[in-house]
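In what follows, a single structure is set out as structure tokens and then discussed.
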Amino acid sequence: MMQAVIDTLNGTPVRAWKGGQGSRPLVYLHGFEQHPGAAAFLGKLAETRPVLAPEHPGFGASGGASGMTGILDLALHYRQWLEPLVQAHGPVDLMGHSLGGMFAAEMAAIFPHLVHRLVLVDAYGLWLDDTPMPDPFVIPAPELNAAKWADPAKWAKSEPNSHDGAPAEYVFYRSANLGAASRFMWPIPDRGLARRLPLIRAQTLVLHGAQDGLVPPVYAQAFADAIPGATVQLIDGAGHLPMIEQEDQFLAAVRSFLA
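Counting with UniProt numbering, you get residues 1 to 259 for the letters of the sequence shown.
Put into structure tokens, the structure is as follows:
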């Protein structure tokens with residue numbers, strides 16, 4: 001079972017969901033909208049290993065966003081947060097989804113000693129002029145849902161990726177989250193990551209929803225082309241949230257790669 005705990009880092013609160021037991025932790029970095037909380041897919045991953053899933057600075061109950069002036073500040077934040085784990089258990093397996101994929105790739109490139117294996121799920125961080133991405137901060141809700149889900153009629157109303165259930169809390173946290181995300185994604189989510197991807201030494205799986213309209217699948221191949229030895233796996237019937245729409249396929253791919 002995943003449980004939320006709040007730690008402090010440099011006097012700043014960091015909320016994280018933790019669960020499972022074992023030696024090498026799997027660290028999950030969430031996407032640009034919100035943390036999934038004690039989501040089913042995290043709980044299932046925690047059945048066989050320790051899983052830790054922090055909220056990014058400025059998201060939910062985690063502070064520290066005001067001190068983030070660029071991607072290096074964010075990477076240094078996670079370096080400090082991860083180093084006790086690495087000292088205790090060795091390099092972690094690191095998985096990042098969406099905006100968290102950008103952060104995970106940066107961590108693997110800048111601090112390779114922290115990362116054993118890397119999973120990038122529908123990751124932001126690149127920009128291809130021939131295939132521009134929609135701006136998630138201004139796109140109308142119906143178009144956002146159509147881009148985000150392979151089957152928006154099934155998933156768009158329930159928003160299973162949210163853990164703050166009360167409507168007022170959801171609106172409050174979503175506004176704060178998007179404000180924090182805009183530091184790294186607006187006007188385009190390109191902070192020079194493409195130049196650093198060849199520095200990644202961790203074995204890497206690029207996992208991507210085949211019907212993702214926010215980050216089109218061509219970006220998955222662009223990541224794999226830039227990261228030495230990386231492999232790509234597309235999940236059919238999934239958009240930007242394959243861990244929700246196609247949970248079984250998602251878990252099978254992750255478990256096989258990390259085994």
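Yeah, the Cβ is synthetic: ideal placement off N, Cα and C, and Gly gets one too.
Gln-21 (DSSP reduced to helix, strand or coil): Within the sequence shown, residue 21 is the residue found at index 21, counting from 1. Correct three-state label for Gln-21: coil.
Would you call Val-138 buried or exposed, if buried means 16 or more other Cβ atoms sit within 10 Å of its Cβ? As a first step, residue 138 must be located in the sequence shown, where it is residue number 138. So Val-138 ends up on the exposed side.
Euclidean distance between Cα positions of Asp-73 and Met-107: In the sequence shown, residue 73 corresponds to position 73, counting from 1. In the sequence shown, residue 107 corresponds to position 107, counting from 1. Their backbone Cα atoms lie some 11 Å apart in a straight line.
Would you kindly report the start and end of the unbroken beta strand (DSSP E) that includes Gln-249? Within the sequence shown, the letter at position 249 stands for residue 249. Careful: Gln-249 lies outside any beta strand (DSSP E), inside the alpha helix (DSSP H) at 247–258.
Mapping DSSP to helix, strand and coil, what is Arg-174? Counted from its first residue, the sequence shown places residue 174 at position 174. Reduced to three states, the DSSP call for Arg-174 is helix.
Evaluate Asp-93 with the Cβ neighbour count: other Cβ atoms within 10 Å of its Cβ, from every protein chain shown; 16 or more gives buried, anything less gives exposed. Locating residue 93 in the sequence shown gives position 93, where the first residue counts as 1. Counting Cβ neighbours within 10 Å, Asp-93 comes out buried, since at least 16 surround it.
Limits of the alpha helix (DSSP H) - the one that His-35 falls within: Here residue 35 refers to the residue found at position 35 when the sequence shown is read from its first residue. His-35 -> no alpha helix (DSSP H), and no H or E assigned at all.
Between the stretch 187–207 and the stretch 110–124, are three or more C-beta pairs nearer than 8 Å? yes
Spatial neighbours of Lys-44 within its chain, please: C-beta separation below 7 Å, excluding the five flanking residues on both sides. Against the sequence shown, residue 44 aligns to sequence position 44. So the qualifying residues of the chain are Leu-251.
Between the Cα of Arg-195 and the Cα atoms of Trp-127, Phe-32, Asp-212 and Leu-234, which residue gives the shortest distance? Counting from 1 along the sequence shown, the entry for residue 195 is found at position 195. With distances taken between Cα atoms, Arg-195 lies closest to Trp-127.
Is there contact between the stretch 205–214 and the stretch 176–187, where contact requires at least three CB pairs shorter than 8 Å? no
Residue closest to Ala-75, alpha-carbon to alpha-carbon, out of Gln-87, Asp-225, Ala-61 and Leu-99: Indexing the sequence shown from 1 puts residue 75 at position 75. Nearest of Gln-87, Asp-225, Ala-61 and Leu-99 to Ala-75, Cα basis: Leu-99.
Own chain, CB closer than 6 Å to Asn-145, minus 5 neighbours either side, in chain order: For the purposes of this step, residue 145 is taken as residue 145 along the sequence shown, with counting starting at 1. Closer than 6 Å at the Cβ level, and outside the excluded window around Asn-145, lie Pro-152 and Ala-156.
Give the straight-line distance between the Cα atoms of Ala-259 and Met-2, rounded to the nearest whole angstrom. Within the sequence shown, the letter at position 259 stands for residue 259. Within the sequence shown, the letter at position 2 stands for residue 2. Going from the Cα of Ala-259 to the Cα of Met-2 covers about 21 Å.
What three-state label does DSSP hand Asp-225 in the structure shown? To locate residue 225, count along the sequence shown from 1; it is residue 225. Asp-225: helix per DSSP, three-state reduction.
Just to confirm before moving on: does the CB-CB distance between Phe-32 and Leu-120 stay below 7 Å? Against the sequence shown, residue 32 aligns to sequence position 32. Against the sequence shown, residue 120 aligns to sequence position 120. Contact flag unset, no.
Residues of its chain near Ala-253, where Cβ-Cβ distance is below 8 Å and the 5 sequence neighbours each way are ignored: Here the question's residue 253 lines up with position 253 in the sequence shown. Here the set comprises Leu-205, Leu-207, Gln-233 and Ile-235.
Pull up the DSSP beta-bridge partners for Arg-15, would you. Here residue 15 is taken as the residue at index 15 of the sequence shown, counted from 1. Partner(s): Ile-6.
Using a 10 Å radius around the Cβ and a threshold of 16 neighbouring Cβ atoms, would you call Lys-154 buried or exposed? Walking along the sequence shown from the start, residue 154 turns up at place 154. Per the 10 Å Cβ criterion, exposed.
Please return the same chain residues whose Cβ sits closer than 7 Å to the Cβ of Phe-41, not counting the five positions on each side in sequence. In the sequence shown, the residue the question calls residue 41 occupies position 41. Taken in chain order, the residues that qualify are Met-243, Glu-247, Phe-250 and Leu-251.
DSSP puts Pro-54 in a beta bridge; with which residues? On the sequence shown, position 54 is the one that residue 54 refers to. In the DSSP output, where bridge partners are listed per residue, Pro-54 has Ala-16.
Please report the residue range of the alpha helix (DSSP H) in which His-77 lies. Within the sequence shown, the letter at position 77 stands for residue 77. It spans 71–89 - the alpha helix (DSSP H) in which His-77 sits, taken as one unbroken run.
Collapsed DSSP secondary structure at Met-95 in the structure displayed: As a position in the sequence shown, residue 95 is number 95, starting the count at 1. Correct three-state label for Met-95: strand.
Residue from Pro-57, Thr-131, Ala-38 and Gly-37 with nearest C-alpha to Thr-8: Locating residue 8 in the sequence shown gives position 8, where the first residue counts as 1. When only C-alpha atoms are compared, the closest one is Pro-57.
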